[in-house]
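Working notes for the structure below.
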Amino acid sequence: MPGLKPGDSFPDDVVFSYIPWTPETADVRVCGIPTNYPASKEWKDKKVVLFALPGAFTPSCSASHLPGYIEKLDQIKAKGVDVVAVLASNDAYVMSGWQKANNVKNDDILFLSDPDAKFSKSIGWADGERCSRYAIIIDHGKVTYAEKEPGRDVTVCQPADRHFPPQMRWFEADPCDDGRFPGHLLSSSTYKLVVQLDTCSEETWCSTK
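Going by the UniProt record's numbering, the sequence shown opens with residue 1, and the numbers climb by one from there.
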């Protein structure tokens with residue numbers, strides 16, 4: 001399967017593994033119990049931002065990719081996003097430890113395990129036994145955004161000012177502004193994502209070439 005694209009249905013029967021955060025297991029020295037996370041079922045009626053990366057505790061993922069989502073989490077949730085989830089092929093114990101190491105509590109961001117990169121392989125977005133670096137937005141079971149990094153850099157799946165892809169960044173100056181976002185001039189591709197998260201129709205998208 002050559003990846004996902006806007007308009008596709010999110011695949012059925014997708015199940016990940018994770019360890020739910022609890023106050024009792026918040027200490028990094030305490031292990032929780034892995035459980036299945038039925039993503040297709042859980043996300044059927046929700047708006048979800050899922051981003052995948054090669055590995056927990058690895059340099060780029062730890063230094064820039066994950067911190068970008070933590071930094072912009074409130075802005076993402078303010079757009080009506082119900083779930084933000086990070087996915088890697090590390091087991092649930094490692095993903096849970098990474099969550100604690102980054103002081104992410106509750107279900108602010110779900111740290112999900114894709115064992116053997118099974119899901120990522122199924123959509124053609126895996127690198128051997130690891131997940132490729134990609135981002136998917138799912139709105140009530142439908143894919144509205146899906147991009148895989150073309151190279152090793154974080155360019156199309158990172159919502160942080162220093163690495164924001166055009167689809168996921170608010171620019172201070174750009175030749176596209178219809179007045180809906182006072183004080184912000186948006187690139188056309190940025191506008192598309194913002195409109196998607198605002199559940200507006202494609203016909204309202206601004207377009208600049």
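Backbone N, C-alpha and C fix where the C-beta goes; we use that ideal spot for every residue, glycine too.
Note that the structure is predicted; figures quoted are calculated from it, not measured.
The Cβ atoms of W21 and N106 sit closer than 8 Å to each other. Annotation for Y18: P34, T35, Y37, A92, M95, S96, L110, F111, L112 and S113 place their beta carbon closer than 8 Å to its own, counting only its chain and skipping 5 residues before and after.
Excluding five sequence positions before and after L66, the CB atoms of its chain that fall closer than 7 Å to its own CB belong to V86 and N102, given in chain order. Around I137, the same chain offers V49, T144 and Y145 as residues with beta carbons nearer than 6 Å, after the five sequence neighbours per side are excluded. Here the region 117 to 136 makes no contact with the region 23 to 30; the two share fewer than three CB pairs at distances below 8 Å. By the criterion of a C-beta distance shorter than 6 Å, K46 is surrounded in its chain by D82 and V83, once the five residues flanking it on both sides are discounted. As DSSP reads the structure, C131 sits in a beta bridge with A126. Classified as exposed, G128 has fewer than 16 neighbouring CB atoms from the shown chains inside 10 Å of its CB.
For the pair A52 and F16, the CB atoms are not nearer than the 8 Å cut-off. The three-state reading of DSSP puts V104 in coil, since its state is none of H, G, I, E or B. Of the residues assessed, D139 falls on the buried side of the cut-off, its CB having 16 or more other CB atoms within 10 angstroms. F57 carries a coil assignment under DSSP once its states are collapsed to helix, strand and coil. Inter-residue distance for S64 and Q99 is about 15 Å (C-alpha atoms, whole angstroms).
Shown here, I137 sits in a strand according to DSSP, grouped into three states.
For L50, the secondary structure class from DSSP, reduced to helix, strand or coil, is strand.
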